[in-house]
Every structure is written in structure tokens, then in C-alpha cells.
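In the order they appear, the protein sequences are chains A and B. Position 250 of the first sequence, counting from 1, maps to 723 under my numbering, and the rest follow consecutively. Position 479 of the second sequence, counting from 1, maps to 957 under my numbering, and the rest follow consecutively. For every residue, glycine included, the Cβ atom is placed at its ideal position computed from N, Cα and C.
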Amino acid sequence: MLRFNTTRPALLGATLAAAVAFGAAAEPTHELLLTNGDTLSVQILEETETQIKVNVFYGTLSAPRTFQRSEIITTTALAADGTAKDDAPAVADTRSTDTERPADAVPVYAFELDGELGWDISVTPLRQKMEKAREAGAEYVIVKLDNVRAGLPEWVDEAIVDDAGAFDTLFQAEALVAPLTTEVRADWDNQPTIVFWVDRAMEGMAFIPLLKPDVYFTSDGRMGGVGDLEGMFGSMGDEVVRDKQESLRQEQVKGYAIEGGHTTMLVDAMLRQGDALWYRIENGEVRFEMRRDNEAPLGGGWERLTDTGEGEFADTDSDVVRLRGNDTLTLDADTAFKIGFSKGTADSLDDLLFELGIEDRAYIIDDNDGDGLADSADRIGQTWGRGLTSALRTLRNMERDIANIRIPENAGDRAQQIRESQTLRILRRAIQLLNRYEEVFDPNEQWRVNLELRIQQIENEIRRRRIGGGG
Amino acid sequence: MNTHRFINRIRTLLGSAVLALGVSLGMGHAAPAGAAGAALAALADGSDVIKTNDGRTLEGTIVREVNGYIWIDLGVGNPLMLRPDQIESVERDADTEVTSDPVSSSADEQTWERREGVPRAAVITAEEMVGVWMSAKPLEDAIPVLKEDGVDLVVIKIKSGGGLLLEIQKISDVIHEQYKEDFTVVAWIESAISAAAMSAHAIENIYFMPRANYGACTGWSGALEAVEGRQLESVLYMMEQISARGNKDYRIMRSMQINEPLSYDILPDGKREFYLTDEGEYVLNDGEYILTLNAETAEHAGFSQGTAGTIEELTRLLEASVGEIEWVGEKVPGEPFPISRAEMVHREWREDMTRQENRFGQIYTQYEMEIGNAASVPVENRGGFIRKASRYLSQIRKMYDDNPNFGLLRGMTDEWFIAQQRRLEELAPAHRVDRKERRLQRRRPRCPESQARRAARARRQDRRRVRDLAHQPLRARRGLQRVSRVALHRHDVQHRRPARSPGVHNVYRDHPARDQTHRLRARPQAESSP
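Encoded structure:
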């Protein structure tokens, strides 16, 4: 396996050379998009592992400034006329412009979807990672799935949590489908092979590996936790409407399985109790059979995947804590491989590349830290996570900040004016954050609408005071 | 056509130049000279010339005539319409055939060429909630655009989780009565749930995407309460009729609506026979379930004509039945199919609807807020608030007018708008809400009567002051308003007093406020002077 590890001094030298060359003209050479939403025209002076030192241009003036890499979302090279080059690779990708890559190398871009679905795992960072992979010309995109179950602290043993009842996280996972399927078909000139490498794909994330035929597990990998679809609506409303709701959800997930070339019976077993799923190998092929009772189908060699979960077949606490429950299907590495859902088990990237049969030609893109995962993808994930945490803190403290606005003692008649202008600033900042992280905090814009109303109320009040009438 | 328009434009400019020359030579002869010059040039080149009553000569191509009204293409922008009473004479020479058909703008000019025997196809998308985003109106609006683009085959790509029952019949009617009249129609399903499936059911040829779903058509409201009784029967009956339109077995839709079993056999000729029991060889619904088809079951049951995940796969499937096709629209990076103008109609519609849905609450609250603000201040200060409220009301009205279902979803009617208009008028009796009136108000000088009154008062005061100050020293006269100074000057002239220093005149001339201040200061001086 080859690793693309362009040495940093070489890069730094090249960048500095470019900076010096452009410095003579005293013009911006790059455009930085920062996590606070600002876009700056800059000339890059110096880069380190964690920082970029630049000259920031404001009109004809410029001033040096240093940014942490975590503050920067993208860095785009500018064309001579000052416009962003359409196909110019970002600075991070300059590292990926591989001059040493052998002609027969298979470029592999690997990244992880880790953390909580709907928080760390979200459509924007996924889209950015896929875009990086496209820009780097990846032929294989390896997506390692390792999500944390919602509301479950990492120190809690997942075995004590029931696998049933988290079906509606489907609608959080649904947002991830397009960047992995439709958008790849539309955006990529050469279609990559997308490989899902399952460590933890629980709850909504369990639907994602269904989308592709190339699925691998780690040896303790698990996928499921979406059982008991029938119990989702309890006794609410009329049964026929509950049936409808279950039907459309079930068929949506079956659609994913069809797209990935997997049997839809697995979906039935993952989602519903009441039927028993069996399998056996016939002529080298896996054959499934679903039964309404717990009797094995006719003929020998049948292995049970799930039972009906009724009476004596209901999972006991003993089964659950030992991860042996089978009222609904949660796949582990062994079972997934036996039934042909997974193509293999790999605990390291090298093993996975070996399983994929490209270990001698694989060229790991953008992996300077040697962890097997693309550094740019790591940065995207970290920036997103930190940004969310910081935004949440700001948004949580918003009311407190408004209540605690400090008014100088000598403000006199201007006290009200100062309070209002600072309140407006806080509210506008909150709207900016909600715009950036709308998919997590405010998907329906309602929060922003309320904040805008508050802003308008304050502006009206100011206007009323100033002119004694409406604006 | 473009060349013709360009030549016309040049001719018009030349005509203008001749006219300009005429003007510079002398007004009395300008128009005839210009007109004659233009007319001659035009006739020589084969254009139509219209002389108007106001003396203009317009040269171009007459493109439409209806009852004496004439539309003339001057080569710049859209054709100009002239009323019969504006026209003095018409001289025709252009070869263009004049019809009474509506004039098409330059943007509508045909920029495509049909390849012999190759149908032109376009993809349009019907997405999101039926009755709001997926609606009959944009489908109707797209028809003329599809015709202009010479489209023969329309692929309606559907991705919707359902919506309003009342829109199903409307969409079905537009598809069946308008689309099928003019185009071959194909549905390409990404997801068609509930009302979306029922709306698409009138289309005979249906293709699925690999992860598509279609069905779950049970009507409900509130807390998952099912539609029942006569209303349910009417919906079942409606769908029987729509199934017939789409040449589909009604049993399929019935099993998607209520808990009825559905199975089928494949007959020797390949056709499928459906049963509302589970006795057929292939069971789609055992009766304890509401049917939703996926790509596999739909294709096996003969419901879909095939499965296509990409436009290329769909093209292959379509070309197997209709031969080679040519896609209309532009290839846009990141878009999975060519984007046609008709598709843009749909996208713009959905953007408008999204804005409406997201912003209606805000606009309505802002409207109420401005009304509240207006009510909380004296009548004379309400103008700004009421203007804003009126603006928000107009925005709500636009939403109401744009989307036929908007009012229905929010309980708004024409009467509601009339009531709101009255509310605004009552808040400010003098305030006229309509825009024209506001514009007039802006042009009109503010409070003309009081201005006149003020002027009269100033004159009276001047006379008094002139009388009082006539015999005072000059410095006491500083600070008088201009009008007073003029009057005083007149008085001086009459009484042969020397003229005052110009500096004193100029200092506050254009500064009434300071002038006033100075006057207040000056007065005691004047009073204290001997």
C-alpha cells in the first residue's frame, strides 16, 4: 500500500515561493472561508500544522494575521483577475496534487462518520468530505461508520439499551442518502466505488450501508437497532392509518436495500417483530425464507436469523445484555458475512484494502498523520463539531447575554439606546449561527423567524421613539 | 429573425438621426423632413412605417393587428402597441405576414431545431407536499413552455410524501386532459406516497428509480384518524376513475387505500390478473397491511415499465419503446438530468412556495405588530406603521393569489382581506391605502392650506415689524426673515434710508432655524435700543 505523504517542508517551500512571487505584486492570492462565515482575500505567508499566517487585504490595504486551521473551512486559490478559480484546488488539496502517484495507483479516500447522527453526522460535513474526495480524484471512497446512539453516553454499555424503537431516526439518515448516491452520480465524471466499513451503524445509521453492495464490518461491528416499527405509533389513531405509516416507512428502507442490491427480507427482519427469518446456503447461494411461526422451513440446513418474539421466543434480559436478542435483526460481523450482506471483516485499513484486493495499488489520499483517514475529512469533521458546540453555547447563552448587557454608568439617556443596539447585535449573531447550522438547529426556520420578529420589534421601538410615529 | 430585428434597429436609429437633423434645422420642418426621410429609407428597405398623431414616424415590422390596434416591432425590445386613435397613417411594405396571434417576445424565439423523426423529451419535477409544492398550477403553467420548446415526451419525476386530498383530482385532470392531449407522458418515481401516488395514477407509463416507493394512500387527518364513511367511498370511487384513466386495475389502488388483500397471477400472455384476495400466486398485501410498492414488486406486478436510477438508464428504457429521443434543456453540473425551461417553472414555483411556507408566520406577525404599533400612537403619527402593515398585507395577498390552496390551508378568504383593508382604513381615516393614492400624496405639497396660512401670517408679522423697526437703528434689523428684509428695504427705499450691509443679509439667509434663533436674540436688542 502506498501512502500519499507529501512532505510538509516541500509544501511550505512551494507555498512560500508562491507567496513571495505574489507578494511583489501585493495582491491577494487566496480566498479564505472562515467558520464565522467571513470570506477574506489573503496572501499566504506561512503555513504550519495548525496555523496559517496570511496578509489580509482590505481594499488596497493589507495586514498580517494568523488563523488556526480549525477556523478555516476552505482555502481557494484566486485567478489573476481576483476571481476564485473554478477548478483550482484548495490549499489543503495542493497536498493532494500527487506528482509521485504511480500511473496504476488506485486513489483511495477514506473518512469516518462518527459521533451522533443529526449532530456530528450531518449532511453538510458529509457533502464537504465527498467533495474533497471528488477533487482528489478518488476511485475508492471508504466510509467508516461509527455512530454513537442518541442520548447514550459513551460509558454506557450499549447492550443494556434495547435495539427496538429508534426507527424514526430514518428521517435524519435520509438526508445523508443523496450525497452518497444521487449527487455522486450527478457530480462525478468517473463513478467511484463507495465502500461502507461498519463499526457501529445503529439506529438511523443502520439504513446507510443498505445503499451500497460493498459493505465490510469490523470484527465487533454491529448494524441495527431499528426494530419494532409496528409499535412505533402505539395505539394512536386508527389502525389503518398506522398501517399506512408503517408501510411507507418500511418500503422506503426496502428501496435502499434494492438500490444496494440486498434482499428486502433483511429489512423486514430488521424492522418488524412477528415473522421469523431463516437462511441456508443452496448451491453456494444464500437463500432466505420468512415464516409466520417459529418452525424451520422444510429441508435441512436452515439457520435462524430472527424469531417471532412471541411467548417463549421473546428476548430475555439475559439475551439482550449478551447481544443475542433475535426478535428483530441486528447484524454482527459474523452473521453479516454468513448471509452475504458483508463481503468481509477487517479491523484495519490495510486489512480492508486487502479484502478489496487493492492493497498493492491503493494510494491513500491526504493522509499525513498516518491514521488511514484523510486529514481534510478529519478537519471538516472537527470544524463542524467544534462549530456546533460553540454555536450551541452561544445560542444557549443568548438570553442571558441580553439580560446582562452592561450599560456604562455615565450612559444617562443613552442607556436604552445602548441596550437596544447590543441586543440587536446578539440577535443578529444568533441568526448568523442558525443560518450556518440550520440543518441541526433550525431546519424549518422557525427560530430565525422569531428572532427576526424580535429584531423588528426593537427597530420599531427605536423608530417610534425617534420620530414619534411609524417608520 | 434576429438579423431582421437588428436591421430594423439600425433603421430606427437612422430614422432618429434624420429626425434629429430636422430638429436642428428648424422645428417647423423637422417632422415632415424626418418622417419623409425615414419613410423613404424604410420603404426602400421593405419596412412598415406608421405615422402617429403626435408627429412621430415609427418604422419597423407590423407583427400583429387586432381591431385597429397595431403592434410594431421596432427592433428594440418588445413590439410597441398603438391604439387606433394614436395612428395617423400606416404605410406597409414589410413581407411579414401579420396575424392576430399574441405577440411573442424576443426571449420566446425558437432557438432549437427538430431532428427529423426524433422526439424531444423534457424532465419536469413534481416534488414535496401535494397541494402546495406539487400542484396543478405549475404543471399548467409549464405547458406553453413545453410547447414552445417543441417537447413531445414529458417525464414527470415525482418525489413527494403526499399532501392535500383536494389537489389529487386537479393534478389528475391537468395530466389527463391537457398533458396527454399534447404530449406523451411518463412518470419517473423517486417516491410517490399517498396523494402523490394518487395524483400520478392517471399516467399509464410509470418507471421507478431503484429506491422508489409508491402507495400508502390511506386518507387521514388529525391524530392519525382515518377518512371514513361517505367521504372514504367518494375517494375510493374517485380513484377507480383515475385508475381507468391510467389504464390500471382499480384493485391495486384500493389495496393502497384500505386493508384489502391483493394478489395476482401472471397469465400466459404476460399480463397480470389481480384479485382482492390472497389467492393469487403472488401476494402483495395479505389484508393486514396497506400496500406500498417498491421497484422490485412494482416491476414484477407489471405496474412499472422498468427501473432506472439515472437519466441514461431511463433513456435506454424509453428508447426501447419510442426510439431515439433528444433531451431538452441544459446540462447543469450537479444536476442528474438536463434542466429545461419548463423545469425552471416548477423550481421557481417551489422556491416561492417554500418562501411562503417559511415566512408566512413571520409576515403575518409583523402585520399584526404594525397594526398594534399604529393603534398605540396618536392618529397623526400612524402613517408609517400603517404603510408597513399595508405592505405586509399586500405580501399576504400575493401569497393568497399565487397559490390557490394557500387561503384554504389558513382559513383566509377574499372577505378576510376586505376586513383587513377596513381595519387599516379605520386606524387612519385620512390614510389611503392604495398605492396610487400614496404616490399622489407624496407628490402633493404637504398641507397646502397651512403653508398659505403661514405665509399670510408671516406677511402680517412683517408688516408689523416693518412698522415697528422703521425708525430703529440698522443693527436692530439683523435677524429678520428675508421677506421682512425685503419689505423693510422697500420701506427704506420709500423713506430714503441707506441700504444695509450685504454681510448682514447673507449670514442666515439659507438657515431658517438659526435665523429664528437670531431673531429671538435680536428682538430684545431692538427693544432695548433707544
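Beta-carbon neighbours of residue 725(A), restricted to chain B and to distances below 8 Å
669, 689, 691
Quick one: what does DSSP say residue 768(B) is sitting in, helix, strand or coil?
coil
At least three beta-carbon pairs within less than 8 Å, the stretch 665 to 673 of chain A to the stretch 690 to 706 of chain A
yes
Using a Cβ-Cβ cut-off of 8 Å (strictly less than) and excluding sequence neighbours within five positions of residue 654(A), which residues of its own chain qualify?
684, 732
List in chain order: all unbroken beta strand (DSSP E) runs of 3+ residues lying wholly within the stretch 587 to 671 of chain A.
613 to 621
Interface residues of chain B facing residue 720(A) [CB-CB closer than 8 Å]
693, 694, 767, 768, 769, 770
Taking CB distances under 8 Å as the criterion, tell me whether residue 698(B) reaches chain A.
yes
For residue 910(A), name the three-state secondary structure that DSSP assigns.
coil
Once the 5 residues before and after residue 927(A) are set aside, which same chain residues still bring their CB inside 7 Å of it?
900
Do you know whose CA, among 540(B), 627(B), 608(B), lies nearest residue 805(B)'s CA?
627(B)
Runs of beta strand (DSSP E) wholly within the stretch 822 to 877 of chain A (minimum 3 residues, chain order):
835 to 837
Give a yes or no on whether the C-beta atoms belonging to residue 551(A) and residue 502(A) are separated by under 8 Å.
yes
Within 8 Å (strictly less), CB to CB, does residue 701(B) reach chain A?
yes
Ranges of the alpha helix (DSSP H) found wholly within the stretch 796 to 846 of chain B, counting only runs of at least 4
none
Does residue 793(B) come within less than 8 Å of chain A when only Cβ atoms are used?
no
is_contact[residue 926(A), chain B] using C-beta, thresh 8 Å
yes
Take residue 800(A) and list the residues in its own chain whose beta-carbon comes closer than 6 Å to its own, dropping the five residues that flank it on each side.
746, 782, 788
So which residues on chain B does residue 930(A) lean against when the C-beta distance must stay under 8 Å?
847
Give me the residue from 852(A), 766(A), 742(A) with the minimum Cα distance to residue 523(A).
852(A)
List the endpoints of the continuous alpha helix (DSSP H) containing residue 665(B).
No alpha helix (DSSP H) contains residue 665(B), which is instead part of the beta strand (DSSP E) from 662 to 671.
How should residue 478(B) be labelled, buried or exposed, when 16 other C-beta atoms within 10 angstroms of its C-beta is the threshold for buried?
Since the displayed chain B opens at 479 and closes at 1008, residue 478(B) lies outside it and no answer follows.
Within chain A, the residues that residue 840(B) reaches when beta carbons sit closer than 7 Å:
922, 925, 926
Report the residues of the stretch 664 to 685 of chain A with a CB closer than 7 Å to any CB of chain B, ordered along the chain.
none
Which same chain residues, not among the five before or five after residue 980(B), have their C-beta less than 6 Å away from its C-beta?
Caution applies to residue 980(B), whose pLDDT of 39 falls short of 50 and renders its modelled position unreliable; the model cannot decide the point.
Which residue spans inside the stretch 675 to 719 of chain B form an unbroken beta strand (DSSP E) run of at least 3?
683 to 686, 691 to 693
Nearest chain A C-beta to residue 844(B) closer than 8 Å, yes or no?
yes
Note down, in chain order, all residues in the stretch 723 to 741 of chain B with a beta-carbon under 7 Å from any beta-carbon belonging to chain A.
736, 737
Use the C-beta contact count for residue 934(A): other C-beta atoms within 10 angstroms, 16 or more gives buried, fewer gives exposed.
exposed
What residues of chain A sit near residue 530(B), judged by a beta carbon separation below 7 Å?
Those within 7 Å of residue 530(B) in chain A number zero; the least Cβ separation is about 45 Å.
What's the C-alpha gap between residue 742(B) and residue 722(B)?
18 Å
Between residue 674(B) and residue 650(A), what straight-line distance do the alpha-carbon atoms span, to the nearest angstrom?
21 Å
Which stretch, first to last residue, makes up the alpha helix (DSSP H) that contains residue 650(B)?
644 to 651
Check each residue of the stretch 810 to 840 of chain A: if its Cβ is closer than 8 Å to any Cβ of chain B, include it; give the result in chain order.
none
Please compile the residues from chain A whose C-beta is within a distance smaller than 9 Å of the C-beta of residue 812(B).
656, 659, 660
Quick one: which residues of the stretch 724 to 746 of chain A get their C-beta closer than 8 Å to a C-beta of chain B? List them in chain order.
724, 725, 727, 728, 729, 731, 732, 737
Along chain B, in chain order, which residues have C-beta atoms closer than 9 Å to that of residue 709(A)?
701, 702
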